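**Student:**
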Amino acid sequence: MHLIPYLLHMVLYVINTTRCVAREEKNLSNFLEMSPERQVENCFESEGPCYWATMALAVWSHNRWQYGRASLVRRMLILAHARHLSPQGCSTLPDMVPREFAVYRPYLCFLGMVDGLYNIMFKKVACSTDDGWSVALADYIRHNDQLHLELGDKLLRTFEEQVLTCQSFREFCDYMGPMWEIDNPDAFLHEALQLRV
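Just so we're on the same page, the numbering used here is the position in the sequence shown counted from 1, plus 2.
1. How far does the alpha helix (DSSP H) with Ser31 in it reach, from first residue to last?
2. Assess, as a yes-or-no matter, whether the region 15-30 is touched by the region 46-58 under the definition of 3 or more beta carbon pairs within less than 8 Å.
3. Does the distance between the C-beta of Thr167 and the nearest non-hydrogen atom of the ligand PLP fall short of 7 Å?
4. Closer than 7 Å by C-beta to Leu191: which residues in its own chain qualify, once you throw out the five before and the five after it? Chain order, please.
5. Since Ile17 and Ser136 are thought to touch, with beta carbons under 8 Å apart, how far apart are those beta carbons, to the nearest angstrom?
6. Counting along the chain, where does the alpha helix (DSSP H) carrying Ala84 start and finish?
7. Below 6 Å CB to CB, which residues in the same chain sit around Met181 once its five sequence neighbours on both sides are set aside?
8. Closest to Ala140 by C-alpha separation, out of His83, Ser130, Phe124, would be which residue?
9. With burial defined as no fewer than 16 other Cβ atoms inside 10 Å of the residue's Cβ, what is the status of Thr167: buried or exposed?
Shown next, in the form of structure tokens:
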């Protein structure tokens with residue numbers, strides 16, 4: 003946990019010095035707006051849902067994360083389902099019936115970690131605009147070593163006690179807190195697998 007901020011700082015250094023934040027934000031938006039036909043294929047690409055959930059940390063502010071995380075939950079559900087049914091790869095879901103939570107759990111735990119980074123580790127990043135997030139986050143990481151040690155421990159405890167203990171998609175949604183798009187987790191899961199955007 004203690005290493006995560008510094009790994010992210012390296013990402014921020016690259017995208018800030020090469021001035022490609024806007025391009026990465028656009029790529030993230032394109033990923034989220036991807037046609038339903040492409041979403042399944044994308045689950046087997048290196049720049050798939052896990053990559054873009056991680057990149058969101060570098061380019062999305064807290065506000066943007068709150069707005070876009072339900073879309074990432076949807077994409078993680080599709081990813082888990084597709085890889086479970088066809089580990090070798092596929093272009094369509096051969097079966098759209100929801101599986102047991104254990105199928106989705108690893109990918110949702112990954113997203114829960116990203117959410118924890120936003121809401122615990124980087125909660126106090128001062129950023130007045132969405133555009134300034136990557137610079138503000140890099141400065142915050144650079145100047146708060148002791149705080150990262152403390153918050154890393156808190157993040158690990160929260161992850162172990164709240165995320166890893168989730169036994170259903172509904173419990174996971176409760177951990178993530180209010181998401182305007184997910185008022186009924188079971189219906190959301192079913193619609194996600196139907197590739198309805």
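Heads up, the beta-carbon is just placed ideally off N, CA and C, and yes, glycines get one too.
Predicted, not measured: the structure shown is a model, and the values here were computed from it.
**Tutor:** Walking through what the data contain:
1. Sequence index remark: in the sequence shown, residue 31 carries index 29 (1-based). Counting along the chain, Ser31 sits inside the alpha helix (DSSP H) bounded by residues 23-34.
2. Judged by Cβ distances under 8 Å, the region 46-58 makes contact with the region 15-30, as three or more pairs qualify.
3. In the structure shown, the ligand PLP is absent, as is every other ligand, since no ligand is present at all.
4. For the purposes of this step, residue 191 is taken as the residue at position 189 of the sequence shown. So the qualifying residues of the chain are Leu79, Pro100, Phe171.
5. Start at 1 with the first residue of the sequence shown, and residue 17 comes out as number 15. Start at 1 with the first residue of the sequence shown, and residue 136 comes out as number 134. The beta-carbon separation of Ile17 and Ser136, rounded to 6 Å, stays under the 8 Å limit for a contact.
6. If you number the sequence shown from 1, residue 84 lands on position 82. It spans 64-87 - the alpha helix (DSSP H) in which Ala84 sits, taken as one unbroken run.
7. Within the sequence shown, numbered from 1, the residue matching residue 181 stands at position 179. The answer, listed in chain order, is Ala72.
8. Here residue 140 refers to the residue found at position 138 when the sequence shown is read from its first residue. Nearest option by C-alpha distance: Phe124.
9. Within the sequence shown, residue 167 is the residue found at index 165, counting from 1. Exposed: under 16 other Cβ atoms inside 10 Å.
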